[in-house]
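Sequential numbering of the sequence shown, starting at 321, is according to the numbering used here. Ideal placement from N, C-alpha and C gives every residue a C-beta, glycine not left out.
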Amino acid sequence: MLESHIKLVKDTWFNVVCHATEAGGIFYEKFFELEPNARALFKEDIQQQKHKLVMAISVIFTKVHKLDHIEEEVKFLAKRHVHYGVDVAFFRSFRTAFLSMLQIILSEQNQWNREVETAWESIYDTITQAIIKIMQAEQLAKVKK
Ligand code: HEM
């Protein structure tokens with residue numbers, strides 16, 4: 321992982337968290353437009369959803385220094401997602417919604433450019449690939465039981 325990517329994510333994540341209400345609104349509107357069936361997995365309270373987005377961003381931020389052991393770091397989070405009924409197929413739309421939200425929020429702060437986009441993509445992809453791998457193993461183990 322490039323140090324420059326880590327630095328760019330670290331330099332920009334706080335601005336997203338500071339605009340959590342707007343960021344959450346943009347993200348969930350886009351995500352549920354792409355995946356209406358995922359709506360039922362979330363609790364009704366919209367405030368909680370915004371809170372969850374901040375938690376998801378914070379996971380990315382706190383794991384950014386631990387990418388060498390990323391599977392170990394996200395193991396329990398990934399298993400909880402299987403328990404929530406999340407299908408790995410949702411991750412594609414989650415990524416699309418997440419990156420559109422970042423683009424809108426960080427453009428407003430004059431912090432969006434190609435380098436920032438690439439940095440978030442590469443760190444986001446490293447983390448979610450680990451989550452997906454563990455979720456798939458967990459789902460397989462469930463089927464075998
Ligand atoms: C970057 C990928 C993701 C990260 C870092 C992430 C992170 C989180 C975190 C931190 C929570 C709070 C509860 C906990 O720690 O277990 C959570 C809850 C949840 N996440 Fe994710 N998540 C991701 C992707 C997804 C995807 C693709 C879905 C698909 C629908 C999803 C659905 C949920 C649901 C349903 C909950 C529980 C919500 C509730 O109780 O209302 N997450 N997620």
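Taking 7 angstroms as the limit between beta carbons, can you name the residues of its chain near residue 422, skipping five residues before and five after? 336 and 440
With a Cβ-Cβ cutoff of 8 angstroms, do residue 362 and residue 418 count as a contact? no
Got a sec: does the ligand HEM put a non-hydrogen atom nearer than 7 angstroms to the Cβ of residue 380? yes
Could you tell me the distance, in whole angstroms, from the CA atom of residue 382 to the CA atom of residue 400? 18 angstroms
If residue 454 sits next to residue 398, beta carbons under 8 angstroms apart, how far is it from one beta carbon to the other, in whole angstroms? 4 angstroms
When burial is assigned at 16 or more other CB atoms within 10 Å of the CB, is residue 414 buried or exposed? buried
Are residue 448 and residue 410 close, meaning C-beta to C-beta below 8 angstroms? no
Determine, using beta carbons only, whether residue 402 and residue 458 come nearer to each other than 8 angstroms. yes
Nearest to residue 342 by CA position, among 424, 395 and 375, is which residue? 424
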